[in-house]
Amino acid sequence: MRTIKILGTGCAKCKQTEAIVREVLEKEGILADVIKVEDIQQIMSYNILSTPAVVVDEVVKIKGKVPSAQEIIAALS
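Residue numbering for the sequence shown follows full-length UniProt numbering, starting at 1 and increasing by one per position.
Take a look at the structure:
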């Protein structure tokens with residue numbers, strides 16, 4: 001099973017990103033663990049300068065913006 005981490009301190013954009021990721025997973029029938037990472041030390045360990053960010057299986061795929069559903073699908077493929 002894939003692991004998707006949403007990196008962000010809890011801002012509106014971070015919450016929106018998490019909602020989009022969960023919506024895409026449900027719509028596409030993709031099984032994955034979604035983990036919200038709000039700890040700044042953990043976020044910094046990914047060398048992220050701006051949030052939100054999406055990490056798929058420990059690889060940073062999207063950072064610094066709220067992704068579209070298509071961008072999430074592309075990051076998962």
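We put the beta carbon where it would ideally sit given N, CA and C, even for glycine. Small disclaimer: the values here were computed from a predicted structure and weren't measured.
Checklist line | Range of the contiguous alpha helix (DSSP H) that encloses residue 25 | finding: Segment 12-28, the alpha helix (DSSP H) holding residue 25.
Next item on the list: Closer than 8 Å by C-beta to residue 9: which residues in its own chain qualify, once you throw out the five before and the five after it? Chain order, please.
Entry: 38, 40, 43, 51
Notebook entry, point to check: Would DSSP call residue 48 helix, strand or coil?
Noted result: In the structure shown, residue 48 falls within a coil segment according to DSSP collapsed to helix, strand and coil.
Checklist line | Candidates 65, 35, 59: closest to residue 75 by CA position | finding: Measuring C-alpha to C-alpha distances from residue 75 to each of 65, 35, 59 identifies 59 as the nearest.
Margin query: Check this for me: beta carbons of residue 32 and residue 73, under 8 Å apart or not?
Written below: no
Notebook entry, point to check: Quick one: is residue 62 buried, meaning 16 or more other Cβ sit within 10 Å of its Cβ, or exposed?
Noted result: buried
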